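S.K.:
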Amino acid sequence: MVKIGDIELPDFPLLLAPMEDVSDPPFRALCKEQGADVVYTEFVSSEGLIRNAAKSVMKLDIYEKERPVGIQIFGANMESMLQTIDIVEKSNPDIIDINFGCPVKKVVSKGAGAGILKDICLMEQLTAEMVKRTNLPVTVKTRLGWDHDSIKIVEVAERLQDVGCKAISIHGRTRAQMYKGEADWKPIAEVKNNPRMHIPVFGNGDVDTPEKAMLMRDSYGLDGAMIGRASIGNPWFFKQVKHFFETGEHLGPISLAERVEAARRHLQMAIDWKGETLGVFETRRHYTNYFKGIPHFKEYRMKMVTSDDSKDVFAAFDEVLDKFADYQF
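Last residue of the sequence shown: 382 (the numbering used here), numbering continuous.
1. Can you grab the Cα-Cα spacing for the pair R312 / M131, in whole Å?
2. Do I204 and T180 have their beta-carbon atoms positioned less than 8 Å apart in this structure?
3. Please work out which residues of its chain come closer than 7 Å, Cβ to Cβ, to F350, disregarding the five sequence neighbours upstream and downstream, and give them in chain order.
4. If you check the beta carbons only, do Q125 and P288 fall under 8 Å apart?
5. Is it buried or exposed for G305, if we count other Cβ within 10 angstroms and need 16 for buried?
6. Leaving out five residues before and five after S308 in sequence, what residues of the same chain have Cβ atoms less than 8 Å from its Cβ?
7. Would you grab the beta carbon distance between H319 and P79 for me? Rounded to a whole angstrom, and I think it's under 8 Å.
8. Is the CB-CB distance between F65 and R270 below 8 Å?
9. DSSP puts M279 in a beta bridge; with which residues?
10. Taking its Cβ as the centre, do 16 or more other Cβ atoms sit within 10 Å of K143, making it buried, or is it exposed?
11. Mapping DSSP to helix, strand and coil, what is G123?
12. Would you mind sorting Q214 into buried or exposed? The rule is 16 or more other CB atoms within 10 Å of its CB.
13. Does any CB atom of chain C fall closer than 8 Å to the CB of L170?
14. If you drop the 5 nearest sequence neighbours on each side, which residues of the same chain put their C-beta closer than 7 Å to that of E372?
15. Along the chain, where does the beta strand (DSSP E) containing K56 start, and where does it finish?
16. Have a look at G234 and G258 and give me their C-alpha separation to the nearest angstrom.
17. My understanding is that G166 touches C155, with C-beta atoms under 8 Å, so please give their C-beta distance in whole angstroms.
18. May I ask you to report which of helix, strand or coil DSSP gives F382?
19. Tell me the residue span of the alpha helix (DSSP H) that contains S363.
20. Is it buried or exposed for A107, if we count other Cβ within 10 angstroms and need 16 for buried?
21. Between which two residues does the beta strand (DSSP E) carrying V313 extend?
22. On the DSSP letters alone, give me the boundaries of the beta strand (DSSP E) that K196 sits inside.
23. Which term fits M176, buried or exposed, when burial requires 16 or more other beta carbons within 10 angstroms of its beta carbon?
24. Mark D375 as exposed unless 16 or more other C-beta atoms lie within 10 angstroms of its C-beta, in which case mark it buried.
25. Find out if the Cβ-Cβ distance for the pair G274, N247 is shorter than 8 Å.
26. Among residues of its own chain, excluding the 5 on either side of I103, which ones have a beta-carbon nearer than 8 Å to its beta-carbon?
27. Using 10 angstroms around the beta-carbon of G128, count the other beta-carbons present and answer buried if the total reaches 16, otherwise exposed.
28. Beta carbon of H224, beta carbon of P263: below 8 Å?
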């Protein structure tokens with residue numbers, strides 16, 4: 054059993070990573086149904102929250118069926134981050150996660166996300182004060198370091214644990230790498246193998262097959278895997294990994310009917326949550342992956358990603374189900 058504070062999870066839990074414009078309530082619901090053990094919100098700006106920015110506030114929407122669910126926040130200003138804790142608590146999440154890993158320039162330029170990897174003392178101080186501010190378990194998601202020459206993740210993880218962090222998720226790249234090259238899990242294993250570490254250490258980065266998840270578990274000895282890009286348009290990934298763990302065999306292919314049904318439900322939930330316009334627009338990124346591999350699909354994909362009317366998108370789903378009824382994934 055793995056525990057985040059008092060939250061009990063199965064051995065080697067699978068966590069849905071916080072992803073901007075991806076891990077919203079509709080997508081989290083689908084991933085939860087397919088075996089995600091913990092889900093995280095999109096990352097929420099502390100500055101946006103304390104100024105009551107509509108987009109930031111909306112990201113705090115969570116639902117009972119998602120639990121355990123973590124709200125992830127980012128920022129570099131101590132007072133703003135502490136005020137954010139007070140606001141976030143009203144949404145009653147199970148976990149508060151701090152983003153110390155986002156590599157995007159507009160976040161890093163403000164000293165937040167991976168930008169804070171340049172100031173480990175501030176990283177420690179922020180975590181310590183946020184832990185004091187709440188009774189909820191506080192966790193951290195971060196990267197190996199700012200660049201290859203400044204990797205101190207074993208020390209960083211130990212310091213965060215010592216000020217009360219209840220779990221740490223580590224992406225196996227530096228900020229300088231962004232998402233290029235291969236993720237390096239060896240330094241994450243070094244964190245886990247540090248005899249002073251007793252909180253869960255989750256690996257992140259390039260877990261895109263059941264075999265890689267098993268490698269992370271059995272060869273690197275980590276406590277769980279945080280899944281990001283592999284789940285986009287493929288919420289079944291969690292089920293596929295768990296099936297592989299249990300049987301040593303790959304789950305059979307997801308049928309076209311299942312894919313269409315998931316895309317349909319995803320779109321409808323998005324519309325119900327954020328309205329027609331945003332619901333249609335922000336679900337587009339998933340369609341390519343839902344129907345990945347189907348030949349001569351461009352015509353239908355274009356209908357899905359260019360239409361502003363949900364009726365047209367739903368109609369395109371029906372066309373796909375009819376046109377490719379005999380296609381085997």
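For glycine and all other residues, C-beta sits at the position ideal for the given N, C-alpha and C. Predicted model only: the values in this text are computed from it and were never measured.
M.R.: If we stick to the structure as given:
1. 44 Å
2. no
3. F344
4. no
5. exposed
6. F382
7. 5 Å
8. yes
9. L68 and N257
10. Counting C-beta atoms within 10 angstroms of its own C-beta, K143 has fewer than 16 neighbours from the protein chains shown and is therefore classed as exposed.
11. strand
12. buried
13. Chain labels in this structure do not include chain C; a single protein chain is all it has.
14. Y353
15. V55 to I57
16. When rounded, the distance between both Cα atoms is 11 Å.
17. 3 Å
18. F382: coil per DSSP, three-state reduction.
19. S363 to K376
20. It is exposed - the Cβ of A107 has fewer than 16 other Cβ atoms within 10 Å.
21. Element bounds for V313: not the beta strand (DSSP E) but the alpha helix (DSSP H), L309 to K327.
22. Checking the displayed sequence, the identity of residue 196 turns out to be Arg instead of Lys. It spans V191 to R196 - the beta strand (DSSP E) in which R196 sits, taken as one unbroken run.
23. Burial check for M176: the Cβ neighbour count within 10 Å reaches 16 or more, so the residue is buried.
24. exposed
25. no
26. S133, Q136, T137 and I140
27. buried
28. No. Outside cutoff.
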